[in-house]
Structure formats: C-alpha cells, structure tokens
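To keep things clear, I will list the structure first and then write my remarks on it.
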Amino acid sequence: WTDDSDNETGFVIERRTDLDGSWTQIATLGPNVDSYINIGLQPLTTYIYQIKAVNSSGDQGYSLNKPSVTTGPPPPPPDAPTGLIATPMSDSEIDLSWTDNSDNEDGFKIERSPNDIDYTQIYTATANAIAWSDTGLDPETEYFYRVCAYNANGNSLPWSTDSATTFPPPAPDAPSNLTAIGVSTSQIDLAWTDNSGNETGFKIERSPDDITYAEIGTVLADVTTYESTGLNPETEYFYRVCAFNAGGDSEYSNTESGTTQPVPVYPPDAPTNLIATAVSDSQIDLAWTDNSDNETGFAIERSPDGDDATYTGIGTVGVDVVSYSNIGLDPETEYFYRVMAFNLE
1 WTDDSDNETG FVIERRTDLD GSWTQIATLG PNVDSYINIG LQPLTTYIYQ
51 IKAVNSSGDQ GYSLNKPSVT TGPPPPPPDA PTGLIATPMS DSEIDLSWTD
101 NSDNEDGFKI ERSPNDIDYT QIYTATANAI AWSDTGLDPE TEYFYRVCAY
151 NANGNSLPWS TDSATTFPPP APDAPSNLTA IGVSTSQIDL AWTDNSGNET
201 GFKIERSPDD ITYAEIGTVL ADVTTYESTG LNPETEYFYR VCAFNAGGDS
251 EYSNTESGTT QPVPVYPPDA PTNLIATAVS DSQIDLAWTD NSDNETGFAI
301 ERSPDGDDAT YTGIGTVGVD VVSYSNIGLD PETEYFYRVM AFNLE
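When we follow full-length UniProt numbering, the leftmost residue of the sequence shown carries the number 1, and every step to the right adds one.
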C-alpha cells in the first residue's frame with residue numbers, strides 16, 4: 001500500500017472472508033511499513049483486506065479500496081519413492097532400501113503386511129532417509145512392505161512395494177553326554193544334555209551294530225530323556241541323538257550303547273498227577289499234568305523197586321508234552337516211574 005501519512009505510529013490490518021462478514025484484526029504494524037505477508041491461509045479461499053493508519057490522536061479512516069484475493073490450490077504431496085528393495089539378512093531381519101524422488105517430504109511411512117492385503121504402519125523414517133532395517137521377525141516367513149513419502153499435504157502415490165522371506169533359523173547345537181541304561185528285559189532308558197536354545201525337538205536313532213541306524217522316535221524341545229521299549233532280552237543296542245529345527249539337524253551326540261537285562265532264571269514247577277497204565281505185556285503208558293510255563297521239556301525215569309537210588313532216565317519229551325509210552329518191558333513185571341520238568345538254565 002501507499003503510506004500517505006508522516007505522523008502515524010503504525011498500521012492495523014483487518015481481514016474477512018465474506019462480503020457481509022465481520023472484520024477481524026490480523027496484524028498491527030509499525031510506522032512507515034507499506035507491506036505485509038499473510039500466511040497460514042486455507043487453499044482456494046477468497047480473503048478481503050482493509051488497512052488503517054493510527055497515532056496517539058486516534059485512527060485515520062480505513063483504506064478506500066478493499067482488495068480481495070483468492071488463494072491457489074494446495075501444493076501437492078511429495079513425489080513417491082521408487083525402487084523399494086527388501087533383502088533378507090538373517091532369520092529375523094529384513095533390510096529395506098528405496099530411492100528418494102522428492103525434496104519436500106517430512107519423512108517416509110513404512111508399512112508391513114503378512115499377506116499383501118492388510119498393511120500396518122511399523123515405522124516412520126526421517127526426511128531424506130533411503131534405508132531401514134526391520135528386526136525381530138519370525139524365521140522362514142514372507143513379509144510384504146510398502147513405502148511412501150509424506151508431508152503436510154498428504155502421502156505420495158503410488159506406494160513402492162516389495163517382499164522378502166527371512167532365512168531359516170540356524171541348525172541347533174548338538175546334544176551331548178548321551179547315556180543308555182538297560183532297565184528291564186525289554187527297555188533301555190536314554191538321557192542327554194540339551195546344548196541348544198532353538199531346537200524344535202530331538203531325533204532318537206538306534207542301531208543293532210553301530211553301523212546301520214534308524215530313527216525310532218522324536219521328543220519336543222527341552223526334553224532330555226527317552227524310553228526305548230519293545231526290545232529283546234539280553235541284547236546290546238546302540239543309540240545316538242540329534243537336535244532339529246526348520247534350519248536342519250544338528251550334529252549327532254556321542255554314540256552310546258545299552259544292554260537289556262536277561263530273562264530271570266528259575267526252575268519250572270513240578271508236574272503232578274502222574275498215572276502209569278499197562279496197555280500190553282510189554283508197554284506202560286504214562287500221563288501227567290504240566291504245571292509250568294517255562295519248561296524246555298520233561299525227563300522220565302524208571303526204577304524196578306521205587307528206591308531213589310535205582311531210578312534211571314529212560315527218555316525225554318518236549319515242552320508241553322504230557323504223555324510217554326514205555327515199551328520193550330518184561331511181562332508181569334512191576335515198574336516204578338517219576339517225571340520232572342526241566343529247562344536249559
């Protein structure tokens with residue numbers, strides 16, 4: 001404006017946005033000032049201004065002309081970043097990098113999704129940033145990312161996108177100190193030391209000869225014992241154990257062997273109810289009750305007079321056999337018999 005006064009103490013500037021609206025004072029300026037910049041306005045809005053000079057004697061009248069001006073459209077959001085690259089660095093980290101194509105961004109918004117559909121903002125990078133590391137992720141998992149620049153006027157479009165899959169976890173450390181103890185005729189108990197903090201579980205392998213091994217079972221993480229059952233009595237078995245997870249198997253533990261216990265040895269129960277029946281002038285048939293479940297067979301002895309000292313063995317029969325025919329005897333002769341069960345032990 002033109003300052004036509006030489007005795008003002010200042011100027012008062014007022015503004016309104018409607019021809020019939022009320023005026024609002026927006027600034028008080030010093031003497032001899034002839035310009036003012038009005039900032040913080042709304043885009044696409046018409047503003048009307050008036051100004052008056054003031055001094056200690058009072059106000060002069062307002063300026064005769066009351067100019068109006070319409071603000072332009074808002075500035076655009078920043079240009080979108082491009083070339084987003086997601087690079088897996090480990091089983092829990094993916095590094096992001098992109099190209100910054102804008103010079104007016106306030107920063108960058110980084111969003112992540114498990115399925116390329118549902119995105120969540122996980123970080124806000126500062127202006128001019130071109131990289132960021134996403135950590136604390138799950139192993140062997142695909143993640144989707146997108147990045148945009150932003151400022152007070154909004155987000156850039158389109159988003160720059162990429163995805164990456166974290167590495168599998170490293171294989172666990174091998175277990176150690178494997179022991180194998182035969183606790184019965186059919187069971188060997190195993191125990192070992194867990195040296196890993198990232199195993200999914202343990203694989204147990206067994207061999208009859210320490211050459212050919214086969215997996216016989218698995219246990220969960222942090223379990224350090226296993227019962228190997230259904231084994232043969234008095235038999236040596238060889239064992240080894242490894243830890244495993246999605247990254248693979250550990251080295252094997254030490255190899256350890258264990259031997260099942262032998263079957264307890266006890267003599268068979270004696271047969272009873274022995275019956276001797278003469279069926280001819282040269283044959284006597286014997287029959288008895290079998291009271292044992294662990295005999296190998298039965299021994300038959302004969303005596304001419306029933307004296308213990310005169311009994312001699314005349315034959316044997318196999319397991320569970322309960323009869324015997326004694327032939328080649330003399331006519332009209334009395335014979336005494338006895339039968340006992342036996343086993344190989």
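Don't be surprised by glycine CBs; every beta carbon is placed ideally from N, CA and C.
DSSP state of residue i mapped onto helix, strand, coil
i	result
Ala152	coil
Asp134	strand
Asp95	strand
Thr70	strand
Ala289	Checking the displayed sequence, the identity of residue 289 turns out to be Thr instead of Ala. In the structure shown, Thr289 sits in a strand (DSSP, three-state: E or B).
Ala309	helix
Glu111	strand
Ala192	Strictly speaking, residue 192 in this sequence is Trp, with Ala absent from that position. Correct three-state label for Trp192: strand.
Phe167	coil
Glu234	coil
Glu215	strand
Ile295	Rather than Ile, the amino acid found at residue 295 in this sequence is Glu. DSSP places Glu295 in coil when its eight states are reduced to three.
Gly58	strand
Phe198	At residue 198 the sequence reads Asn, which differs from the Phe that was named. Coil at Asn198, not helix or strand.
Pro304	coil
Ser176	strand
Thr141	coil
Thr333	coil
Ser102	coil
Glu205	strand
Ile37	coil
Met340	strand
Ile13	strand
Ala246	coil
Under 8 Å between C-beta atoms of residue i and residue j
i	j	result
Ser186	Gly230	yes
Pro31	Gly10	yes
Glu234	Thr260	yes
Ala78	Ser102	The amino acid occupying residue 78 in the given sequence is Pro; Ala does not appear at that position. The answer is yes: Cβ separation under 8 Å.
Ser92	Thr135	yes
Ala243	Pro175	yes
Pro291	Asp269	According to the sequence shown, residue 291 is Asn rather than Pro. Contact flag set, yes.
Thr255	Phe238	yes
Asn7	Pro75	no
Leu137	Thr161	no
Asn104	Asn155	no
Thr200	Asn245	yes
Tyr145	Pro114	no
Residue i to residue j span [Cα, whole Å]
i	j	result
Glu332	Glu236	59 Å
Asn274	Pro262	Per the sequence shown, residue 274 should be read as Leu rather than Asn. Approximately 33 Å between the Cα atoms of the pair.
Ala129	Ala171	35 Å
Tyr324	Asn232	34 Å
Asn294	Thr316	16 Å
Glu205	Val265	31 Å
Thr218	Pro208	19 Å
Asp34	Ile110	48 Å
Gln25	Ala125	40 Å
Ala299	Ser280	23 Å
Pro73	Pro158	21 Å
Leu41	Pro168	55 Å
residue 364	Cys148	Past the edges of the chain, shown from 1 to 345, lies residue 364, and the structure says nothing about it.
Ala276	Pro267	25 Å
Asp194	Arg112	36 Å
Phe108	Val69	35 Å
Ala309	Ala191	58 Å
Gly58	Asp4	16 Å
Asn198	Pro139	11 Å
Tyr36	Asp20	24 Å
Assumed close pair residue i, residue j - CB separation to whole angstroms, cut-off 8 Å
i	j	result
Ile303	Phe342	Looking at the sequence itself, residue 303 is Ser, so the reference to Ile does not match. With 8 Å as the limit, Ser303 and Phe342 do not qualify as a contact, their Cβ atoms being about 19 Å apart.
Asp106	Ala127	6 Å
Ser282	Ile327	6 Å
Thr296	Leu344	5 Å
Ser253	Arg240	6 Å
Glu14	Gln60	Rounded, the Cβ-Cβ distance is 14 Å, inconsistent with contact.
Ala164	Pro88	5 Å
Val12	Thr28	6 Å
Tyr47	Thr82	Not confirmed; about 39 Å, so no contact.
Chain D within 8 Å of residue i, Cβ atoms only
i	result
Asp320	In the structure shown, chain D does not exist; there is a single protein chain.
Residues near residue i by beta carbon distance below 6 Å, same chain, minus five either side
i	result
Asp249	Cys242
Asp210	Phe238
residue 362	Residue 362 cannot be examined here, being either before or after the span of the chain that is shown, 1 to 345.
Glu215	Lys203, Glu205
Val339	Pro271, Leu274, Trp288, Phe298, Ile300
Trp23	Glu14, Arg16
Same chain only: Cβ atoms within 7 Å of residue i, ignoring 5 sequence neighbours per side
i	result
Ser97	Ile85, Ile130, Ala131
Tyr123	Ile110, Trp132
Asp100	Pro81, Asn128, Ile130
Ala278	Ile284
Same chain, Cβ closer than 8 Å to residue i, five either side skipped, listed in chain order
i	result
Ser133	Met89, Glu93, Ile94, Asp95, Leu96
Lys66	Ile48, Tyr49, Gln50
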